[in-house]
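Take a look at the structure below.
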Amino acid sequence: MPLPPLWNIPIMRLRSLPTAALMAGLLVLAGCDQSPTSSNSGSGSAGGRMMAPAAATMKVADVPNGPKLAYHHWLEYEMPAASVAPRYARARDKCLADTANCVLVNASIDAGDPRNGRPPHAGLTMRVPHDAVAAVEQGIAAPVPGEAPGAIELRSRNTSADDLTTAIQDVDRRLAQLTDYRDRLTALAKRADAKVEDLIKVEQELSNTQSQIETITAQQKHLNEQVATELLTINLAAEPTPETMTGPIGQVWRNAGTVLGQNTAAALHFAIGAVPWLVIAAVAFTLLAVLRQVFRRRRRA
């Protein structure tokens with residue numbers, strides 16, 4: 001949302017400023033804004049020093065006339081079960097050791113359970129620069145100790161791109177507007193004829209603007225980081241073996257005793273619970289038989 005023109009400040013924000021003094025100050029500022037160097041007028045002020053980091057923010061995604069794309073790659077690898085854990089540990093440790101070129105977003109591993117036929121698998125999510133993607137893939141594909149060359153196989157690859165052009169342009173525009181607004185407020189705060197209560201209101205508005213600038217600067221940094229790097233999600237799975245393919249059958253045989261015992265217990269529980277109902281049913285049938293005989297005798301009589 002565009003910031004209000006500065007000549008609206010007395011109405012919207014600084015109602016208590018003397019009208020004559022404020023208008024005179026604004027006319028002076030308006031004349032300064034027409035000069036080529038007006039955007040740097042507050043660089044030497046206290047407000048300018050306070051926001052020096054924001055003014056020095058690097059826009060790494062600033063490519064003229066080009067889309068700002070954030071790439072995400074998904075890679076699925078299969079390998080011998082014994083290679084999953086060491087390959088996962090090697091990739092994780094290498095990323096943690098090179099914090100300048102790799103940010104480990106997520107890492108998880110499941111050792112599996114051979115008794116239940118569940119193979120091991122692991123996953124890594126990391127953010128790396130564009131020129132480091134190929135090196136990461138080569139590092140994943142390199143054999144681990146004790147593994148034969150070519151034992152690992154890339155099963156699938158998927159890449160998506162998120163267009164952040166509009167979001168980055170919007171953040172840059174909002175940051176420029178807020179920075180200009182802050183510089184104008186800083187100039188008002190330096191007026192020698194400003195009253196104490198007016199200075200308090202200006203400082204409050206400066207503090208609020210400063211907070212907004214810091215928030216938007218963080219958003220700008222996050223968006224630029226997404227465009228300057230690429231996100232890799234790597235899944236490491238054990239290749240299927242005869243043991244894992246027949247695992248469910250073996251699991252059934254191993255659990256046969258438990259399943260049989262549970263079902264027998266359930267049947268016994270049902271039988272014990274049905275005994276009272278059997279007695280009641282026998283009594284009911286006996287009464288029905290007696291009543292039927294009595295009814296027949298009366299009909300014959």
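Take 1 as the starting number for the sequence shown in UniProt numbering and just add one per residue.
Positions of the beta carbon are idealized from the N, C-alpha and C atoms, including for glycine.
Since the structure is predicted, the reported quantities are computational estimates derived from the model, not experimental observations.
Is the distance from the Cβ of Thr229 to the Cβ of Pro129 below 8 Å? yes
Just confirm the distance between the C-beta atoms of Ile213 and Thr165, as a whole number of angstroms; I'd bet it's less than 8 Å. Going by Cβ atoms, the distance from Ile213 to Thr165 rounds to 22 Å, so no, they are not a contact pair.
If I'm right that Val144 touches Arg92 with Cβ under 8 Å, what's the distance once you round it to whole angstroms? In fact, because the Cβ distance is near 13 Å, the residues do not count as touching under 8 Å.
Please confirm whether Ser156 and Glu76 have their CB atoms less than 8 Å apart. yes
With a 10 Å radius around its C-beta and 16 neighbouring C-beta atoms as the bar for buried, classify Val283 as buried or exposed. exposed
Pull up the distance between the alpha-carbon of Thr125 and that of Val171, whole angstroms please. 27 Å
Out of Gln226, Ala267, Leu268, which has the shortest C-alpha to C-alpha gap to Ala70? Gln226
List the endpoints of the continuous beta strand (DSSP E) containing Ala161. 153–163
Residues near Asn152 in its chain [Cβ-Cβ closer than 8 Å; skip 5 each side]: A quick correction: the sequence has Ile, not Asn, at residue 152. So the list reads Tyr77, Glu78, Met79, Ser83, Arg87, Ile140, Ala141, Pro143, once near-sequence residues are dropped.
Tell me the rounded alpha-carbon separation between Ile272 and Ile280. 14 Å
Out of curiosity, what's the CA-to-CA distance linking Leu236 and Gly123? 6 Å
The stretch 98–105 in contact with the stretch 194–202 per 3-pair CB rule at 8 Å: no
Excluding sequence positions up to five away, which residues of its chain have a Cβ less than 6 Å from the Cβ of Gln293? none
Same chain, Cβ closer than 8 Å to Arg299, five either side skipped, listed in chain order: none
Please confirm whether Leu175 and Gln210 have their CB atoms less than 8 Å apart. no
Tell whether a beta-carbon distance below 8 Å holds between Leu154 and Leu185. no
DSSP-derived helix/strand/coil call for Glu197: helix
Can you tell which of Pro240, Leu287, His222 has its C-alpha closest to the C-alpha of Arg127? His222
Mapping the DSSP letters down to three states, classify Arg191 as helix, strand or coil. coil
Could you check where the beta strand (DSSP E) with Arg292 kicks off and where it finishes? From DSSP, Arg292 is part of no beta strand (DSSP E) but of the alpha helix (DSSP H) over 256–300.
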